[in-house]
Structures are given as C-alpha cells and as structure tokens.
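Participant:
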Amino acid sequence: MASGDFRLLRPLVHLLVPLFIHWIAEEMTVSVLVDVTTRALCPGQSSCAKAIYINGLQQTADVIEVSKRSTTFGWITGLFSVSHVLGNILARFLPEGWIFEVSIFLLVCATLYMKIFLIETVKVAPRQSENRSCSFIVLEVLQDRWNSMKDTIFVFSSSTTLKRISFISFYYELGMSGISSILLYYLKSAFGFNKNQFSEILLMVSFGSIFSQILVLPHINSLMGEKGVLCIALIASIAYGVLYGLAWAPWVPYLSASFGVIYVLVKPSTCAIISKAVISSDQGKAQGLIAAVQSVASLLSPVVMSPLTSLFISSDAPFDCKGFSILVASISLIISLGHASLLHSENSNKLPEHEPGQYGDETVEAPLLTQP
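Throughout the sequence shown, residue numbering follows mature numbering (1 follows the signal peptide of the UniProt record, and there is no 0), covering -27 to -1, 1 to 345 in sequence.
Quick look at the structure:
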C-alpha cells in the first residue's frame, strides 16, 4: 500500500486511536485471565472444567473509494493486530498484579481521547417547541425503528451477496468464537500452558497478522479478488481448528497458531465484499446487520462449546480427546467455506446489487459522515 493510500485513513484517525488503545487494554488481560480464573475456581489444580462456563466501523465506505476499500479494511484490521501485539507484550512482561490496573488506565485514556478529539458527526435536531406526550414520543421512535428495520430487510432481500455473506459470517463466527472462548483453558488442561505460553502464541499470530493484512493483502487481493482471499482464509481457519483439536504434542499449538496469519484475512475480505454489495447510504445497515448476525453466533456458541469442553477436559470424558469440542466447532467453519465457494466473483466496475428503490434515493438512516 502506497503512502498516499495510507492518507485515506486520516479522516478516521481520531476514531482509530482510542480503539487502538482499547484493543491493547483488552488484549493485556486475555492470557493472564485463564490463570486467574483457574486459581479462583480450582485452587491448586492445573486445569479447571468449571472455568469454561465463565466464557459465556461500518461507515468507512463514505470516505474511502471503492477500489481502495479492501486495502483500507486490511490496514484497519492490521492496526487491530498491532494493538494485540502491544497488549501481549505488556501481559508477558508486566507483573500479574499490575495487568488489570494498567488495562483499566488505558481504557480510561481511550475514553478521554475520544471525548476530546473525536468530532460528533450526528447533527442534533433542534427541540420542537410544542409539547408532546411521552406516549407520542415512544410511538414515534418505534415507528422510526420499524421503518429502519424494513429498509434493512429490503437491502438484504435484494442482494444475493449479502444473504450469502450473512451465512458465511454466522457459521464462521459460530465456529471461531467457540474455539476462542475455550482455547486457552483447553491448552492449560492439555499441556499445562500458563500466561507466558499464551502470550507467545498470541504474539506469534499478531505479528504475522500485521504482515499479512497490511503488506500481503493489497497484493493478493488484486490477483484473486475478495472471494479468493476469503476462501483461502477459511481453509486456513479449518486447518487451525483441526490441528488444535488433534494436538498431540506441546509444539502442535504453535503450528496451528501459524495459520492465524492467514485466517485473519476473513474480516477485511468480508467487509470489502459487503461494502461493494450496497450503495453508500446503506453501508451502515449492511455492516451493522452482519455484525448482529455475528453477535447472535457468538451468543449461541458457548451454549454448546462450554459444556462439551468441560466434559472432555474432565475425568468423566467418554473417550480421550480433550480437543473434541474444537473439532466440532471446525464443522461450522467447513459449512462457512461451502457458502463462500458459492459467492459470485466480484467485478469492481459493477454497480452494487442494491440500488435505491422503493425507499427513494435517501434511505431512513443516511451515513453519518455525509450529513451536512
């Protein structure tokens, strides 16, 4: 990506900086949290089945031209990986007693930065002088939400790409969130890993992710398109899950983690496909609904993964395969790959599938950054 292309992110800098700090603070606690919860729930034990049950940017298109969106999403997710690297470095070298305090301090700094520097793009409507009853205001809000929901449904029903991406995102998030929520507990139970090994694995993935998203993605995307990148990333995620599930030696998790360098490309390629599938005023609706689909998958995943993992890392397991739940989650990733293979190849010169129709040129929720 050329330095000129990097300047395209300048309108987003005051949004990305606090997010960057937030991601560092969040990642700092990941590796140490496993040791803390295990000691709290199962003192003196190296593994704890009960601990498993504890785990229970959409407007970029308005300021980035279509041909640069894949690269820009790669830079944004690459920034996410950089924050993970810094968070894991802090977790690796800070004393355990300081980690949560430093994390909270960084979260406060992120909030203050956003309050001071981030400009609000929503223009507050002037208060109306007439007195309106509470029931009228509630009905008006509900009516607005209903109109917005109808418009979102229309956007998705008119785009085969968005419908396909929703299936891809649901099954991918169902599998990956299930693996992520129990992975460190599984590694602690199977191989006795502690926060140092966790940090090493997470650092390895994060460093590789920076390289793949910022340097590699812009080049391979021009060769094979978003669909090709997405399919390769999903294949890597399947290998990632299967190797973890079948891990037979302490070095296998490190090999499996290396596939994270590739599967992280799922996010930027998915965002780029969604962005190209809709018009500018529908970017928020499309990205937001896909995010909602992913949230539902993240909510449902622990319902299956937590009891299944708890059973197989305990002494009551029906057979010896502590990573069986990860293998089950990998099936969801295979289904996601099947849907991805059915996507139509993108054409950068083609207009989005959804054009303004029954709801007019301006939909209910126009993009915030284009407001006067």
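From the three backbone atoms N, C-alpha and C, an ideal C-beta is built for every residue, glycine too.
Is residue 128 buried or exposed, if buried means 16 or more other CB atoms sit within 10 Å of its CB?
Facilitator: buried
Participant: Residue 193 to residue 235, Cα distance in whole Å?
Facilitator: About 12 Å.
Participant: Between the alpha carbons of residue 208 and residue 146, how many angstroms are there, rounded?
Facilitator: Spanning the two alpha carbons is a distance of roughly 14 Å.
Participant: Classify residue 88: buried if its beta carbon has 16 or more other beta carbons within 10 angstroms, exposed otherwise.
Facilitator: exposed
Participant: Measure the CB-CB distance between residue 151 and residue 309 and report whether it falls below 9 Å.
Facilitator: In this structure, residue 151 sits away from residue 309, with a CB-CB distance that is not shorter than 9 Å.
Participant: Can you tell me which of the three DSSP states residue 295 falls into?
Facilitator: coil
Participant: Measuring alpha carbon to alpha carbon, tell me which of 290, 273 and -14 ends up nearest residue 144.
Facilitator: 273
Participant: In terms of residue numbering, what span does the alpha helix (DSSP H) encompassing residue 180 cover?
Facilitator: Counting along the chain, the alpha helix (DSSP H) containing residue 180 begins and ends at 168 to 183.
Participant: Considering only their Cβ atoms, is the gap separating residue 278 from residue 298 smaller than 9 Å?
Facilitator: yes
Participant: Give the straight-line distance between the Cα atoms of residue 75 and residue 156, rounded to the nearest whole angstrom.
Facilitator: 25 Å
Participant: Could you work out which residue in 261, 245, 153 and 232 is closest to residue 121 when comparing CA atoms only?
Facilitator: 261
Participant: DSSP on residue 289, reduced to helix/strand/coil?
Facilitator: coil
Participant: Rounding to the nearest angstrom, what Cα-Cα distance links residue 420 and residue 281 in this structure?
Facilitator: Lying before the first or after the last residue shown, residue 420 is absent from the chain, which here runs from -27 to 345.
Participant: Taking Cβ positions, are residue 163 and residue 295 nearer each other than 9 Å?
Facilitator: yes
Participant: Could you give the DSSP three-state label for residue 224: helix, strand or coil?
Facilitator: coil
Participant: State whether the region 63 to 74 contacts the region 159 to 177, with contact taken as three or more CB pairs (one from each stretch) at a distance under 8 Å.
Facilitator: yes
Participant: So what does DSSP say about residue 33, is it helix, strand or coil?
Facilitator: With a pLDDT of only 48 at residue 33, under 50, the local geometry of the prediction cannot be trusted, and the value read off the model is given with reservation. Helix.
Participant: Let me make sure I understand the geometry here. Which of 132, 181, 71 and 243 has the alpha-carbon closest to that of residue 230?
Facilitator: 181
Participant: Quick check on residue 210: does DSSP put it in helix, strand or coil?
Facilitator: helix
Participant: Suppose you measure from the CA of residue 133 to the CA of residue 142; what does that come to, to the nearest Å?
Facilitator: 14 Å
Participant: Can residue 316 and residue 200 be called in contact, C-beta distance under 9 Å?
Facilitator: yes
Participant: Taking only the alpha-carbon atoms, compute the straight-line gap between residue -11 and residue 189 and give it to the nearest angstrom.
Facilitator: Their backbone Cα atoms lie some 23 Å apart in a straight line.
Participant: So what does DSSP say about residue 252, is it helix, strand or coil?
Facilitator: coil
Participant: Taking DSSP as the reference, what is the three-state secondary structure of residue 312?
Facilitator: helix
Participant: Looking only at its chain, what residues have a beta carbon closer than 7 Å to the beta carbon of residue 136, apart from the 5 residues adjacent to it on each side?
Facilitator: 129
Participant: For the alpha helix (DSSP H) containing residue 143, list its first residue and its last residue.
Facilitator: 133 to 164
Participant: Grab the span of the alpha helix (DSSP H) containing residue 80 for me, first residue to last.
Facilitator: 69 to 90
Participant: Just verifying my parser: in three-state terms, what is the DSSP assignment at residue 237?
Facilitator: coil
Participant: Please list, in chain order, all residues of the same chain as residue 77 whose beta carbon is under 7 Å from its beta carbon, the five residues on each side excluded.
Facilitator: none
Participant: Taking the beta carbon of residue 107 as the centre, do at least 16 other beta carbons fall within 10 Å, making it buried, or is it exposed?
Facilitator: Exposed is the call here.
Participant: Helix or strand or just coil, what does DSSP make of residue 192?
Facilitator: Looking at residue 192 - three-state DSSP - the assignment turns out to be helix.
Participant: Near residue 301, which residues of its chain fall below 7 Å by C-beta distance, leaving aside the five closest residues on each side in sequence?
Facilitator: 281
Participant: Kindly give me the distance between the Cβ atoms of residue 238 and residue 206, rounded to whole angstroms, as I take these residues to be in contact under 8 Å.
Facilitator: 4 Å
Participant: Assuming residue 186 is part of the alpha helix (DSSP H), what are its boundary residues?
Facilitator: No alpha helix (DSSP H) contains residue 186, which DSSP labels as neither H nor E.
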